[in-house]
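Engineer: Let me begin by handing over the structure; questions about it come next.
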Amino acid sequence: MKPPLFLLFLFTLLFVLAGMITLSGELIALAAPFLVMAIVSIMTRPAAPRLRFEHEVSPKRARQNEPLNIEVRITNQGADIPELVVSETIFEGMRVLKGTPKVLAYLPSGDSLALEYTLQASRGRYNQFLTQLALTQPLGGFEWKALHSDAVPVLVYPQAETLSPIRIHPPQTHGFAGSIPSRRGGSGLDFLTIREYQPGDSLRKINWKVSQRGNQTLYTNIFEQEQVADVGIILDARQHVNLAAGQDSIFENSVSAAASLAELFIGDGHRVSLLVYGSGKQRVFPGYGRLQQRRILDTVSAVTPVLNFALTNFDNLPVRFFAPKSQIILISPIVREDIPYIRKMVMRGYGVMLISPNPIKFIAKARGDNDSLGYRFAIAERTFMLQQLRQIGVQVVDWETGESLNSTLQRSLHTLQPNIRRGRILV
Numbered sequence: 006m007k008p009p010l011f012l013l014f015l016f017t018l019l020f021v022l023a024g025m026i027t028l029s030g031e032l033i034a035l036a037a038p039f040l041v042m043a044i045v046s047i048m049t050r051p052a053a054p055r056l057r058f059e060h061e062v063s064p065k066r067a068r069q070n071e072p073l074n075i076e077v078r079i080t081n082q083g084a085d086i087p088e089l090v091v092s093e094t095i096f097e098g099m100r101v102l103k104g105t106p107k108v109l110a111y112l113p114s115g116d117s118l119a120l121e122y123t124l125q126a127s128r129g130r131y132n133q134f135l136t137q138l139a140l141t142q143p144l145g146g147f148e149w150k151a152l153h154s155d156a157v158p159v160l161v162y163p164q165a166e167t168l169s170p171i172r173i174h175p176p177q178t179h180g181f182a183g184s185i186p187s188r189r190g191g192s193g194l195d196f197l198t199i200r201e202y203q204p205g206d207s208l209r210k211i212n213w214k215v216s217q218r219g220n221q222t223l224y225t226n227i228f229e230q231e232q233v234a235d236v237g238i239i240l241d242a243r244q245h246v247n248l249a250a251g252q253d254s255i256f257e258n259s260v261s262a263a264a265s266l267a268e269l270f271i272g273d274g275h276r277v278s279l280l281v282y283g284s285g286k287q288r289v290f291p292g293y294g295r296l297q298q299r300r301i302l303d304t305v306s307a308v309t310p311v312l313n314f315a316l317t318n319f320d321n322l323p324v325r326f327f328a329p330k331s332q333i334i335l336i337s338p339i340v341r342e343d344i345p346y347i348r349k350m351v352m353r354g355y356g357v358m359l360i361s362p363n364p365i366k367f368i369a370k371a372r373g374d375n376d377s378l379g380y381r382f383a384i385a386e387r388t389f390m391l392q393q394l395r396q397i398g399v400q401v402v403d404w405e406t407g408e409s410l411n412s413t414l415q416r417s418l419h420t421l422q423p424n425i426r427r428g429r430i431l432v
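Under my numbering, residues 6 to 432 are what the sequence shown spells out, in order.
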């Protein structure tokens, strides 16, 4: 019973009691209209309507902050509905750009009601849309409410930055043409060495300058073959290392970096895999091409940092998920306890690149504290920790999240030289 119906009965009772106490027929007569309205409200009480819902979302996969067009169509398959209130639930992370997710309308039997609006959504997986319904009786005495759920999965991908080509140093490459120098002769652009001319060699590859010095011997230029490699991306989703400040968080920057790197390496023809470590062990097995890129983006769009006591360090990191002698890209703020496990990766023959969002500068920027003694001690400790990793052969990129990943990579990798020779680890 809604408050209006309760008030109708209350006024009826008050006038009747007042009339009986004062012996006034006029007061008792005043109760009649309220009683009639209450009886009519009960007699015309609305029944549960028969409605058919259709939810259309376009596109089903979108980048973060790209517009999503939502259309809700409700068809009345029952009696006339004099007053229907339809309201779409806007989840956290969504923002309406155009239109309205709420409407009040009269819906005759057999007719349809369309609700259209456009919104933006933060990165995530949205599995359903909720529609709140309210059917009100004309006199306002009764109201029927319901919540309808439509399973319409929508994936919102993280923002991916366009990265310039970066040089990686995997211990082993594959026989397919790619972008990584393989130290083997073949079809390529970079000069490798020369050898004596053999029948069948292209005349355009003859090194005439060197041949003039020999005793009537021709020499052929040999170019370095460029091949593809196995690239494994590890996204650190451990809650205790991924700090947050307000709406911004280190993890969101790490997710964006993982998506950007996956697009870069897949675009270069490499075989790419993904491991999300921390909230669990979510894996995308190695693969090529656009379909593999979609699998990786589908995975990183829904992942969140979770506290898992079994995965607080890299002790349970399934490194053997990646192909032997492949290139591993570890995206992690890292702590001191992680160094021994990263050393094990290098000792097992993997090429390791660490892209480490700087948590100290991230928090210092949020607090406006970049000159205190504690800040300087923390920076010194992190610098020493990263230097230890460089000494064991890890390519380290110290990333301040306020700067673009592309500029950080280009500046860092341009000056980085591998501190490890093949088969020899510096400890």
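Even glycine gets a Cβ: it sits at the ideal position worked out from N, Cα and C. Here the structure is a predicted model, which means the values were calculated and not measured.
#1: What are the boundary residues of the alpha helix (DSSP H) that includes Asn258?
#2: From the DSSP output, read off the bridge partner residues of Asp241.
#3: Does DSSP put Tyr355 in a helix, a strand or coil?
#4: Beta strand (DSSP E) containing Leu124: first to last residue?
#5: Using a Cβ-Cβ cutoff of less than 7 Å, which residues in the same chain neighbour Leu322 once the five nearest sequence positions on both sides are dropped?
#6: Tell me which residues share the same chain as Arg348 and place their Cβ nearer than 7 Å to its Cβ, disregarding the 5 neighbours each side in the sequence.
#7: Based on the DSSP secondary-structure assignment, which residues constitute the bridge partners of Gln332?
#8: Label His245 either buried or exposed according to how many other C-beta atoms from any shown protein chain fall within 10 Å of its C-beta, with 16 as the threshold for buried.
#9: Using 10 angstroms around the beta-carbon of Pro204, count the other beta-carbons present and answer buried if the total reaches 16, otherwise exposed.
#10: So for Arg276, helix, strand or coil by DSSP?
#11: In or out: Gly342 buried (at least 16 other Cβ within 10 Å) or exposed?
#12: Looking only at its chain, what residues have a beta carbon closer than 6 Å to the beta carbon of Val357, apart from the 5 residues adjacent to it on each side?
#13: Who pairs with Lys107 in a beta bridge, going by DSSP?
#14: Verify whether the separation of the beta carbon atoms of Val289 and Thr304 is less than 7 Å.
#15: Considering only DSSP beta bridges, list what Asp155 is partnered with.
#16: Hey, would you say Ala110 sits closer than 7 Å to Leu89, going by beta carbons?
#17: Given Phe20, which residues of its chain have a CB within under 6 Å of its CB, disregarding the five upstream and five downstream residues?
#18: Any idea if Leu22 is buried or exposed, counting beta-carbon neighbours within 10 angstroms, 16 or more meaning buried?
#19: Reducing DSSP to helix, strand and coil, say where Asp206 ends up.
#20: Please name the residue in Val236, Asn247, Ser284 and Ser63 whose C-alpha comes closest to that of Arg172.
#21: Taking the beta strand (DSSP E) that Ala67 belongs to, which residues open and close that run?
#22: Taking 8 Å as the cut-off, does the stretch 398-414 touch the stretch 358-374 (at least 3 CB pairs, one atom from each stretch)?
#23: With distances taken between CB atoms, is the gap from Lys107 to Ser117 smaller than 7 Å?
#24: Check the C-beta distance from Pro72 over to Leu102 and give it rounded, since I have them as a contact under 8 Å.
Structural biologist: For this structure:
#1: Ile255 to Gly272
#2: Tyr282
#3: coil
#4: Ser117 to Ala126
#5: Tyr282 and Tyr346
#6: Exclusion of the five residues before and after Arg348 leaves Ile397 as the residues of its chain whose Cβ lies within less than 7 Å of its Cβ.
#7: Val236 and Gly356
#8: exposed
#9: exposed
#10: Annotated three-state conformation of Arg276 is strand, per DSSP.
#11: According to the sequence as given, residue 342 is Glu; it is not Gly. Within a 10 Å sphere around the beta-carbon of Glu342 sit fewer than 16 other beta-carbons, which makes this residue exposed.
#12: Ile333, Met350, Val351 and Val399
#13: Ser92
#14: yes
#15: According to DSSP, which records beta bridges pairwise, Asp155 is partnered with Phe134.
#16: Taking 7 Å as the Cβ cut-off, Ala110 and Leu89 qualify as a contacting pair.
#17: Leu32, Leu35 and Ala36
#18: exposed
#19: coil
#20: Val236
#21: Arg66 to Arg68
#22: These segments touch.
#23: no
#24: Confirmed, about 6 Å.
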